[in-house]
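Take 578 as the starting number for the sequence shown in the numbering used here and just add one per residue.
A virtual CB, placed ideally from N, CA and C, is assigned to each residue, including glycine.
Below is one structure; the comments refer to it alone.
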Amino acid sequence: MDGTTLLLDRNRTFAETFDQGDMPAPPKLGTLILTCIDARVDPAHVLGLELGDAVVFRNNGGRLTPAFIDEVTSLAALVAKMTGAAEASFRIVLMEHTKCGAQAFADPEFRAHLQDRTKVDVSSNAITNQEENLIEDVNRLRDAPYLPSSISVAAMLYDVETGLVREILPDRTLADLRDEDG
Ligand SMILES: [Zn+2]
């Protein structure tokens, strides 16, 4: 069985017992997760997510790229429009992991080589030290000018060897983070 046939086969099994066709689009846990594309780090498994629980964004490293900030900014505007609220309110969970391939992007020579050859800039994807990078990324969310203060953020680190997630920063609203910084 080739890979695509396997996936279609698994989907038919999924659809056989599927009974959630009327599920609303907003995530049940009010949560958006940003994590790495690494196949070992699927939040559905690692965090026990059910279908419809959370919005999941993934990129190389699970880091806060300008593209991610744009996505969240437009999502916040969309949620506010759909709910009629003045400001969107949801939780962002940043989850990086140990033994991440994006640690290779920390090498300036490799980054420069990639940019020369492909014009792709991966500087904001680089993992240098997961705990420090998570704190930097929380601060970048805090400083993103168009993100509503009612959004909250938490940071976690997943260990690919033990399967355990460790909390790096507990859930805080951007309002609290901005007050502290101000
Ligand atoms: Zn990774």
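Next on the checklist: When you measure from the CB of Ile728 to every non-hydrogen atom of ligand 1, does any distance come out below 8 Å?
Outcome noted: Locating residue 728 in the sequence shown gives position 151, where the first residue counts as 1. Because no heavy atom of ligand 1 lies under 8 Å away, the Cβ of Ile728 does not count as near it: no.
Checklist entry - Are the beta-carbon atoms of Ile610 and Val699 separated by less than 9 Å? => result On the sequence shown, position 33 is the one that residue 610 refers to. On the sequence shown, position 122 is the one that residue 699 refers to. Cβ atoms of Ile610 and Val699: not closer than 9 Å.
Checklist entry - Quick one, are the C-beta atoms of Leu741 and Leu711 less than 9 Å apart? => result Reading the sequence shown from its first residue, position 164 is the one you call residue 741. Reading the sequence shown from its first residue, position 134 is the one you call residue 711. Cβ atoms of Leu741 and Leu711: not closer than 9 Å.
Checklist entry - For His674, which residues does DSSP report across the bridge? => result Within the sequence shown, numbered from 1, the residue matching residue 674 stands at position 97. DSSP, once it has assigned bridges, lists Tyr735 as partnering His674.
Checklist entry - Beta carbon of Gly678, beta carbon of Asp615: below 9 Å? => result The residue you call residue 678 lines up with position 101 of the sequence shown. The residue you call residue 615 lines up with position 38 of the sequence shown. It is a contact, given that the beta carbons lie within the stated cut-off.
Checklist entry - To which residues does DSSP link Val730 through a beta bridge? => result Against the sequence shown, residue 730 aligns to sequence position 153. Answer is Ile669, Arg749.
Checklist entry - What are the start and end residues of the alpha helix (DSSP H) that includes Arg617? => result For the purposes of this step, residue 617 is taken as residue 40 along the sequence shown, with counting starting at 1. Looking at the DSSP string, Arg617 is not in any alpha helix (DSSP H), and its letter there is neither H nor E.
Next on the checklist: I'd like to check one pair, Thr612 with Val539: are the Cβ atoms closer than 9 Å?
Outcome noted: Residue 539 is absent from the structure shown; the chain starts at 578 and stops at 759.
Checklist entry - Ala665 and Ile728: beta carbons closer than 9 Å? => result Locating residue 665 in the sequence shown gives position 88, counting from the first residue. Locating residue 728 in the sequence shown gives position 151, counting from the first residue. Yes.
Checklist entry - If you draw a straight line from the alpha carbon of Val623 to that of Thr739, how long is it in whole angstroms? => result By 1-based counting over the sequence shown, the position of residue 623 is 46. By 1-based counting over the sequence shown, the position of residue 739 is 162. About 11 Å.
Next on the checklist: Measuring straight from C-alpha to C-alpha, what distance separates Leu724 and Arg668?
Outcome noted: Here the question's residue 724 lines up with position 147 in the sequence shown. Here the question's residue 668 lines up with position 91 in the sequence shown. When rounded, the distance between both Cα atoms is 12 Å.
Checklist entry - Can you name the start and end residues of the beta strand (DSSP E) that Leu611 belongs to? => result Numbered from 1 along the sequence shown, position 34 holds the residue referred to as residue 611. Here the beta strand (DSSP E) through Leu611 covers 608-613.
Next on the checklist: Quick test of the definition: if touching needs 3 or more C-beta pairs under 8 Å, does the region 714-724 touch the region 741-753?
Outcome noted: yes
Item to check | Continuous alpha helix (DSSP H) stretch holding Arg694: start and end | outcome: As a first step, residue 694 is located in the sequence shown; it is residue number 117 there, counting from the start. Note, Arg694: alpha helix (DSSP H), 685-695.
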